[in-house]
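Numbering (this note's numbering), first residue to last: 1 to 145. Backbone N, C-alpha and C define an ideal beta-carbon position, used for all residues, glycine too. As structure tokens, the structure follows; a few thoughts come after it.
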């Protein structure tokens, strides 16, 4: 699912190198996308608290050598934060445009107990995977084009 969305995003813009990415959160087989509103965000975060979920970020690169894709999976464990903290977090507005209703790079870090995998993947762009895709696409040194 995430890979299909990433491929669609990369294919939507013409260019020599075009990168598309999409992130989803999966808890016990249920996909948690961006919440529709604050109450849905609260409900998602209440489900996530005290549990481990997967953050799946897929990347697709259209390049002169073709289409290249990669998927990163990171396990994130939330602490049992409690409804008051969750509601205070949602009131910041930060989670409303994020898959799973949290941003690990912002205030959402207060909900996290630990991660197994790529922090940047949870943020929405797994840097190591993107560098691999660029190399597959013929861009040998990201520092010197």
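Relative to the alpha-carbon of residue i, which residue among the options has its alpha-carbon at the smallest distance?
i: residue 26; options: 115, 55 and 66; result: 55
i: residue 120; options: 35, 73, 47 and 62; result: 73
i: residue 50; options: 24, 86 and 140; result: 86
i: residue 35; options: 109, 122, 106 and 100; result: 100
The beta strand (DSSP E) that contains residue i, what's its start and end?
i: residue 30; result: 30–32
i: residue 114; result: 112–116
Identify, in the order they occur along the chain, each residue of the same chain with its Cβ nearer than 8 Å to the Cβ of residue i, setting aside the five sequence neighbours on each side.
i: residue 38; result: 90, 91 and 96
i: residue 132; result: 70
i: residue 41; result: 35, 90, 95, 96 and 101
i: residue 5; result: 20, 22 and 58
i: residue 9; result: 20, 21, 22 and 60
Kindly list the residues whose CB is nearer than 6 Å to the CB of residue i, restricted to its own chain and excluding five residues on each side of it in sequence; keep chain order.
i: residue 7; result: 60
i: residue 127; result: 120
i: residue 68; result: 61, 133, 136 and 137
Tell me, please, which residues DSSP counts as bridged to residue i.
i: residue 27; result: 30
i: residue 71; result: 58
i: residue 66; result: 63
i: residue 19; result: 61
i: residue 76; result: 53 and 115
The alpha helix (DSSP H) with residue i in it runs from where to where?
i: residue 37; result: Residue 37 -> no alpha helix (DSSP H), and no H or E assigned at all.
i: residue 91; result: 83–91
i: residue 121; result: 119–123
i: residue 136; result: 127–136
Cutting at 7 Å between CB atoms, please list the residues of its own chain near residue i, excluding the five before and the five after it.
i: residue 29; result: none
i: residue 146; result: Outside the modelled stretch of the chain, which goes from 1 to 145, sits residue 146, for which no answer is possible.
May I ask you to verify whether the segment 96–115 touches the segment 72–88, counting CB pairs closer than 8 Å and requiring at least 3?
yes
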